[in-house]
Amino acid sequence: MERGFVGILTSGGDASGMNATIRAVTRSAICHGFKVKGIFRGYEGLINDEMKEMSTEDVSNIIQRGGTILKTARSKEFETSEGRKKAYEVMQKENISALVVIGGDGSLRGARTFAEEYDVTCIGLPGTIDNDLCGTDVTIGYDTALNTIVECVDKIRDTATSHERIFFVEVMGRDAGFLAQNSAIASGAEAAIIPEDQTDSDQLEEFISRGFRKTKNSSIVIVTESPNGKGATYYAERVMREYPQYDVRVTILGHLQRGGSPSANDRILASRLGYTAIQALLEGQRNVMVGIRNDEVVYVPFTEAIKKNKPIDKSLIAVLNELSI
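Residues in the sequence shown are numbered consecutively from 107, following the working numbering.
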């Protein structure tokens, strides 16, 4: 491809490891003769021409920092054809020949639509704590968020045991239960209520009926946040109404899960995927997400990456159920 500028942006919710990704993309690009422009505030900044040329010094000492030095935003304007037209005109003006997009499902959907409309080269990197992108075993930021949740639940366990309470702990994930299920196993929680296990059976009733109070003086249930209102508060209110003998509390971890210094695993993943994004450009790849499967870096077409309902390993549900007795 033409050795013009490579544009980098971070979009959607921030995830620890985004800075490590920016660093890897920038330095790999410069190593191979590209110039780099960092685009501020995601697609919104692309539309408004908010960018600067990046040097290796600009990405020094950021691998350990959470958040994103390029800032991030969700752009309603980019969802319109007029907004994307403005973005394309800015790319031409700034001589950006390829765009590296670091973000989650919505960000990559935007990249796919943009690439189809204007025949621009886009490379996606999976940056989301939810781990809900298909075609990759893990996403940048997921491991850090998972460790943050486990650390918080360990602290909650101390007070839950002291007061003989049931704690419902709400974590992020929306339509994906990876954070809830795996943090429940790692923290020794008694149950996880996740979207992927929403069958005709009542997950709360199953949890209560397992007789958890026979051997334990405290219980922790991890619940995935829910767009339909069935989060931790919903289940806690049900227990208070249906099982008033139990002392119940709710903790919503919220944006606590997004921040913090990235774990070693996230730094390494970000570095590998960022490096490979430039390799993809050198190979003439277009409109793919760089992911990882079985510890091998792979190229995943956008159409596959943004498919809904990345499957969770259902055997994890059995693992948690048996080990929580």
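The beta-carbon is built from N, C-alpha and C at its ideal position, and this holds for glycine as well.
Remember, it's a predicted structure, so these values are computed and weren't measured experimentally.
*Is the beta carbon of R399 sitting closer than 8 Å to the one on D281?*
no
_Helix, strand or coil, according to DSSP, for S325 in the structure here?_
In this structure, S325 counts as strand in the three-state DSSP scheme.
_Here's the rule: buried if 16 or more other CB atoms are within 10 angstroms of the residue's CB, otherwise exposed. What is P417?_
exposed
*asked:* Can you tell me where the alpha helix (DSSP H) holding C240 begins and where it ends?
replied: C240 -> no alpha helix (DSSP H), and no H or E assigned at all.
_Classification of A411 by the beta-carbon crowding that lies within 10 angstroms, buried from 16 upward_ = By the neighbour-count definition (other C-beta atoms within 10 Å, threshold 16), A411 is a buried residue.
_Residue(s) in a DSSP beta bridge with R399_ = E402
*Measuring alpha carbon to alpha carbon, tell me which of K191, G151, G294 ends up nearest I431.*
G294
*Taking C-alpha atoms, which residue in E163, T162, R147 lies nearest to E156?*
Nearest option by C-alpha distance: R147.
*Report the rounded CA-to-CA distance for D306 versus S161, giving the unit in angstroms.*
For D306, the predicted structure reports a pLDDT of 46, less than 50, and the residue's modelled location is therefore unreliable. The matter cannot be settled from this model.
*Stretch pair the segment 111-124 + the segment 200-219: three plus CB contacts closer than 8 Å*: yes
*Taking Cβ to Cβ, would you say G230 is nearer than 8 Å to V196?*
no
*Same chain, Cβ closer than 8 Å to R344, five either side skipped, listed in chain order*: Here R344 has L310 as same chain residues with Cβ atoms under 8 Å from its own Cβ, once five neighbours each way along the sequence are excluded.
_Tell me the rounded alpha-carbon separation between R180 and T267._
41 Å
_Every unbroken beta strand (DSSP E) inside the segment 340-371 [3 residues or more]_ = Correct list: 354-358.
*What distance in whole Å lies between the Cβ atoms of Q363 and I235, which are believed to be in contact at a cut-off of 8 Å?*
6 Å
_Which same chain residues end up closer than 8 Å to I153 when comparing Cβ atoms and leaving out the 5 residues on each side of it in sequence?_
S181, E183, F184, G189, K192, A193, V196
_Buried versus exposed, by CB contacts within 10 Å (16 or more), S421_ = exposed
*For R133, is the classification buried or exposed, using 16 other Cβ atoms within 10 angstroms of its Cβ as the cut-off for buried?*
Sixteen is the threshold: when 16 or more other Cβ atoms of the shown chains lie within 10 Å of the Cβ of R133, as they do, the residue is buried.
*Residues bridged to P232 by DSSP?*
G209
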